[in-house]
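Q: Using the working numbering, the letters of the sequence shown map in sequence onto residues 652 to 947.
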Amino acid sequence: MVLEATMIIIDNSESARNGDYTPTRFEAQSDAVNLIFSAKTNANPESSVGLMTMGGKGPEVLVTLTTDFGKILSGLHDTKIKGDTHLATGIQVAGLALKHRQNKSQRQRIICFVGSPIAEDEKNLVKLAKKMKKNNIAIDFVNFGEIESDNTSKLQAFVEAINSSDNSHLATIPPGPHLLSDLLASTPILSGEGGIPGGGSGAGGDVGGDLAGFEFGVDPTLDPELALALRMSMEEEKARVEKEQKLKEEKEAKERGEGSSSLGAVKEEDESTPLLKEDKAGSSSKKDDDDEMDTN
């Protein structure tokens, strides 16, 4: 699999407080970061992932490139929501972090979450994209939260300028009850350069309804092992519930049957035993009376 060094840029500006994504825009990003880290390190154990923010007074590198998931979690936990977003500066800082990677054989990639209005104009963004392309850096954007604004067109232009052999992607994810990470899993950002059937290509795509028709919310063409595991888990749970229900019904039926026979036996004994004793006593008494009469 591809050996990569990936810097993840999260949007921790004030817009991240909004709750139009479950549970909030910031928490949705946190879940997606976990997914990205797992996907990258599972694809190649030697791949490394770093984390940084682009909100507040300026971009900040939280975790340099690492294979330690605990450091990523710690960085997310320490992140504060504040200020405005600084997209262009954040991308440049991420590029510097990738330049200083220890393993130079790793391909360079930036995955940037954009959930607030972009202040930079399209011209400057395209210029930055061409600069990143010269440095052999691929950039994926997760466009959410402000998809009705100029963000989509600006990011589209950026991706078109930086794209080389379809190595950069734009995923536009609309708000809704779904998890951001679930929809992200169906995009070319995590599924590879080939994309998914009917999904967005390298230049971008709206994935709002891509998972609606898939069982468990997982596209089996993207992750057949996960889809199979979920299906087997559901079947095992269904079988377990049915078995418990069957045993419960059998137990109740058995208890009802034993209760009826037990009551009948007790009743029959209570009624018959005294009668037998009385008959025996009566016969003995009658015999004694007869003997006494004969003696007389």
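Just so it is clear, CB atoms sit at the ideal spot from N, CA and C, and this is done for glycine as well.
The model shown is predicted, which means the values in this text are computed figures rather than measured ones.
(1) Could you spell out where the alpha helix (DSSP H) holding GLN743 opens and where it closes?
(2) Taking its Cβ as the centre, do 16 or more other Cβ atoms sit within 10 Å of GLY706, making it buried, or is it exposed?
(3) If we call anything under 9 Å between Cβ atoms a contact, is ILE950 one with ILE813?
(4) Buried or exposed, going by whether 16 or more other CB atoms sit within 10 Å of the CB of LYS842?
(5) Please state if the CB of LEU654 and the CB of ASN754 are separated by a distance shorter than 9 Å.
(6) At which residues does the alpha helix (DSSP H) containing GLN680 begin and terminate?
(7) Taking only the alpha-carbon atoms, compute the straight-line gap between THR736 and GLY670 and give it to the nearest angstrom.
(8) Let me know if ALA770 comes out buried or exposed under the rule of 16 or more other beta-carbons within 10 Å of its beta-carbon.
(9) Looking at the unbroken alpha helix (DSSP H) that takes in MET948, where does it start and where does it end?
(10) Report the three-state DSSP secondary structure of LEU830 (helix, strand or coil).
(11) In terms of DSSP beta bridges, what is THR730 paired with?
(12) I need the DSSP call for VAL712, collapsed to helix, strand or coil.
(13) Quick one: grab the DSSP three-state call for GLY794.
(14) Is there at least one Cβ from chain D nearer than 9 Å to ASN794's Cβ?
(15) State the Cα-Cα distance for the pair THR673 and ASP833, rounded to the nearest angstrom.
(16) Using a Cβ distance threshold of 8 Å, determine whether the stretch 750 to 769 contacts the stretch 725 to 741, with at least three qualifying pairs required.
(17) Return the CA-CA distance between ALA819 and LEU747, expressed in angstroms with no decimal places.
(18) At what residues does the alpha helix (DSSP H) containing VAL810 begin and finish?
(19) Is the separation between the beta-carbon of LEU831 and that of PHE809 shorter than 9 Å?
(20) Assess contact between the stretch 772 to 783 and the stretch 694 to 712, defined as three or more Cβ pairs (one per stretch) separated by less than 8 Å. Is contact present?
(21) At the level of alpha carbons, what is the spacing between GLU665 and PRO828?
(22) Once the 5 residues before and after LEU713 are set aside, which same chain residues still bring their CB inside 6 Å of it?
(23) So, are the CB atoms of ASN685 and THR730 less than 9 Å apart?
(24) Which residues bound the beta strand (DSSP E) around SER699?
(25) Pull up the DSSP beta-bridge partners for GLY721, would you.
(26) SER816: which of ALA836, ASP801, ILE824 and LYS784 sits nearest, CA to CA?
A: Checking against the coordinates, here is how it stands:
(1) If you number the sequence shown from 1, residue 743 lands on position 92. Run containing GLN743: 738 to 750, per the alpha helix (DSSP H) assignment.
(2) Here the question's residue 706 lines up with position 55 in the sequence shown. Flag for GLY706 reads buried.
(3) Residue 950 is absent from the structure shown; the chain starts at 652 and stops at 947.
(4) Looking up residue 842 in the sequence shown gives position 191. For clarity, residue 842 is Ser in the given sequence; the question names Lys instead. Buried.
(5) The residue you call residue 754 lines up with position 103 of the sequence shown. The residue you call residue 654 lines up with position 3 of the sequence shown. In contact: ASN754 and LEU654 (Cβ atoms closer than 9 Å).
(6) By one-based count along the sequence shown, residue 680 stands at place 29. Unbroken alpha helix (DSSP H) run through GLN680: 676 to 694.
(7) Position 85 of the sequence shown, counted from the start, is the residue given in the question as residue 736. Position 19 of the sequence shown, counted from the start, is the residue given in the question as residue 670. Looking at the two C-alpha atoms, the distance is approximately 18 Å.
(8) For the purposes of this step, residue 770 is identified with residue 119 of the sequence shown, where counting begins at 1. Exposed, by the Cβ-count rule.
(9) Examination of residue 948 is not possible in this model, given that the chain is present from 652 through 947 alone.
(10) Within the sequence shown, residue 830 is the residue found at index 179, counting from 1. Three-state DSSP puts LEU830 in coil, outside helix and strand.
(11) On the sequence shown, position 79 is the one that residue 730 refers to. For THR730, which the question treats as bridged, DSSP gives no partner whatsoever.
(12) By one-based count along the sequence shown, residue 712 stands at place 61. In this structure, VAL712 counts as strand in the three-state DSSP scheme.
(13) Residue 794 sits at position 143 when you count from the first residue of the sequence shown. In the sequence as presented, Gly is not what sits at residue 794; that position holds Asn. Of the three classes helix, strand and coil, the one that applies to ASN794 here is strand, per DSSP.
(14) In the displayed structure, chain D is absent; only one protein chain is listed.
(15) Locating residue 673 in the sequence shown gives position 22, counting from the first residue. Locating residue 833 in the sequence shown gives position 182, counting from the first residue. Looking at the two C-alpha atoms, the distance is approximately 11 Å.
(16) yes
(17) Numbered from 1 along the sequence shown, position 168 holds the residue referred to as residue 819. Numbered from 1 along the sequence shown, position 96 holds the residue referred to as residue 747. A quick correction: the sequence has Ser, not Ala, at residue 819. Rounded to the nearest angstrom, the two C-alpha atoms are 18 Å apart.
(18) Translated into the one-based positions of the sequence shown, residue 810 becomes position 159. From DSSP, the alpha helix (DSSP H) with VAL810 extends over 802 to 813.
(19) Taking the sequence shown and counting its residues from 1, one reaches residue 831 at position 180. Taking the sequence shown and counting its residues from 1, one reaches residue 809 at position 158. It is not a contact, given that the beta carbons lie outside the stated cut-off.
(20) no
(21) Taking the first residue of the sequence shown as 1, we reach residue 665 at position 14. Taking the first residue of the sequence shown as 1, we reach residue 828 at position 177. One C-alpha to the other measures close to 21 Å.
(22) By 1-based counting over the sequence shown, the position of residue 713 is 62. Around LEU713: LEU702, MET703 and GLY726.
(23) Along the sequence shown, read from residue 1 onward, the residue named residue 685 stands at position 34. Along the sequence shown, read from residue 1 onward, the residue named residue 730 stands at position 79. The answer is no: Cβ separation not under 9 Å.
(24) The count along the sequence shown starts at 1 and reaches residue 699 at position 48. It spans 699 to 704 - the beta strand (DSSP E) in which SER699 sits, taken as one unbroken run.
(25) Walking along the sequence shown from the start, residue 721 turns up at place 70. GLY721 pairs with nothing; no bridge assigned.
(26) Against the sequence shown, residue 816 aligns to sequence position 165. Taking only the C-alpha atoms, the option nearest SER816 is LYS784.
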